[in-house]
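Residue numbers (this note's numbering), protein chains in the order written: chain A, 1 to 129; chain B, 1001 to 1129.
2 protein chains.
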Amino acid sequence: MKIGELARAMATNVETVRYYERIGMLAAPARTHANYRSYAPEQIARLSFIRRARTLGFTLDDIRELLALASDADQSCEAIDAMAVRHRDAINRKIADLTALRQQLDDVIDACSQGRVGHCRIVEALGPR
Amino acid sequence: MKIGELARAMATNVETVRYYERIGMLAAPARTHANYRSYAPEQIARLSFIRRARTLGFTLDDIRELLALASDADQSCEAIDAMAVRHRDAINRKIADLTALRQQLDDVIDACSQGRVGHCRIVEALGPR
DNA sequence: TATGCACCCTGTAGCAACTACGGGGTCAAG
DNA sequence: CTTGACCCCGTAGTTGCTACAGGGTGCATA
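1) Which residue from B:K1002, B:L1105 and B:V1085 puts its Cα closest to that of A1034 (chain B)?
2) Shorter than 7 Å, the distance from the beta carbon of M1 (chain A) to the closest heavy atom of the ligand NAD, or not?
3) Compare the C-beta of A40 (chain A) against all C-beta atoms of chain B and say whether one is closer than 8 Å.
4) Step through the CB atoms of chain A and report whether any lies within less than 8 Å of the CB of L1060 (chain B).
5) Find out if the Cβ-Cβ distance for the pair L1101 (chain B), I80 (chain A) is shorter than 8 Å.
6) Per DSSP, which residues does R1037 (chain B) bridge with? Please list them.
7) Compare the beta carbon distance of A1070 (chain B) and V123 (chain A) with 8 Å and say whether it is the shorter of the two.
8) What's the gap between the Cα of K94 (chain A) and the Cα of R1093 (chain B)?
9) Does DSSP put K1002 (chain B) in a helix, in a strand, or in coil?
10) Do I44 (chain A) and A53 (chain A) count as a contact pair if the criterion is CB distance below 8 Å?
11) According to DSSP, is S76 (chain A) helix, strand or coil?
12) Within the 8 Å Cβ cut-off, does V14 (chain A) reach chain B?
13) What is the rounded straight-line gap between the Cα of A11 (chain A) and the Cα of R1031 (chain B)?
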């Protein structure tokens, strides 16, 4: 599988795949006669894992760790579970922060009475003190 | 006011203030005899605006635009209101994304039965297909 | 007076996770 | 045989800071 097909299949883009190779998230694949990258099923699966974990918000470092943990099938699931829980907690904090922030924005937006900038509540809300 | 006092007052740090100057968010302030930056009230107010808008999640580009709009007190408030609303919508989308993501994480965490990695639902959930 | 310490200066490089470019090679179709 | 879609490499840009390194300044204390 060439890099373009792979990228399309993973809904990512070619540069990202090459980037992952450069930083060691993916092993360098075999090359065709024309020096094109040629991906084996194993590497395709690994990229799939990486992309899915990324869309779940794991960092590349998290994913390195998850992959290391996942590579030993006999190991306990505990560490992986713990990572997922930690990550969920971080997401919960992010949601809480954004919700508070939306409330503040709602407040300034509601206060805006479509006047002149000189009396704009939004501008005032952002001003000093 | 020296840069250190300013930074403390704004709960930001010195490097950030200098960074804002470098990228043109803040004008270069006057200098003391010792070549120390010396901030006038106007610039302090501007930094306050920037920091408050940043904590509300506006990007520096957004803030540049807000500052430009806010600088003409006679102008209508409309454009500023529209920016705030656009921004709130973006935050709402972010909250929705994170909430969906938390649901997925909850699912895999609930499915995890503390077994071996070979059968870990989290690993499976991230795997190909 | 010396000296220590907190503060200030500049300039550059690093972070995460890509994205975009420039300048070229390869391959299949028409 | 040329056009277009693909591939290669290397480097630099993005956002919003943060962290040095290697120096200067200013005030209090011994």
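Ideal Cβ positions, reconstructed from N, Cα and C, are used throughout, including at glycine. All values derive from a computational prediction rather than experimental measurement.
Judging by the given coordinates:
1) Numbered from its first residue, the second sequence carries residue 1034 (chain B) at position 34. Selected option, being the one with the closest Cα: B:K1002.
2) Of ligands this structure carries none, so the ligand NAD is not represented either.
3) Position 40 of the first sequence, counted from the start, is the residue given in the question as residue 40 (chain A). It does not: the Cβ of A40 (chain A) has no partner Cβ on chain B nearer than 8 Å.
4) The sequence position of residue 1060 (chain B) within the second sequence is 60, counting from 1. No, its Cβ sits nowhere closer than 8 Å to a Cβ of chain A.
5) The residue labelled residue 1101 (chain B) in the question sits at position 101 within the second sequence. The residue labelled residue 80 (chain A) in the question sits at position 80 within the first sequence. No; because the gap between Cβ atoms is not below 8 Å, this pair is not in contact.
6) If you number the second sequence from 1, residue 1037 (chain B) lands on position 37. According to DSSP, R1037 (chain B) bridges with B:R1031.
7) Here residue 1070 (chain B) corresponds to residue number 70 of the second sequence, with the count starting at 1. Here residue 123 (chain A) corresponds to residue number 123 of the first sequence, with the count starting at 1. Result yes, Cβ atoms of A1070 (chain B) and V123 (chain A) sit closer than 8 Å.
8) As a position in the first sequence, residue 94 (chain A) is number 94, starting the count at 1. As a position in the second sequence, residue 1093 (chain B) is number 93, starting the count at 1. A direct Cα-to-Cα measurement between K94 (chain A) and R1093 (chain B) gives close to 13 Å.
9) Here the question's residue 1002 (chain B) lines up with position 2 in the second sequence. Of the three classes helix, strand and coil, the one that applies to K1002 (chain B) here is coil, per DSSP.
10) Indexing the first sequence from 1 puts residue 53 (chain A) at position 53. Indexing the first sequence from 1 puts residue 44 (chain A) at position 44. The answer is no: Cβ separation not under 8 Å.
11) Here residue 76 (chain A) corresponds to residue number 76 of the first sequence, with the count starting at 1. DSSP places S76 (chain A) in strand when its eight states are reduced to three.
12) Reading the first sequence from its first residue, position 14 is the one you call residue 14 (chain A). No - not a single Cβ of chain B is within 8 Å of the one on V14 (chain A).
13) Taking the first sequence and counting its residues from 1, one reaches residue 11 (chain A) at position 11. Taking the second sequence and counting its residues from 1, one reaches residue 1031 (chain B) at position 31. Cα to Cα, the separation comes out at about 53 Å.
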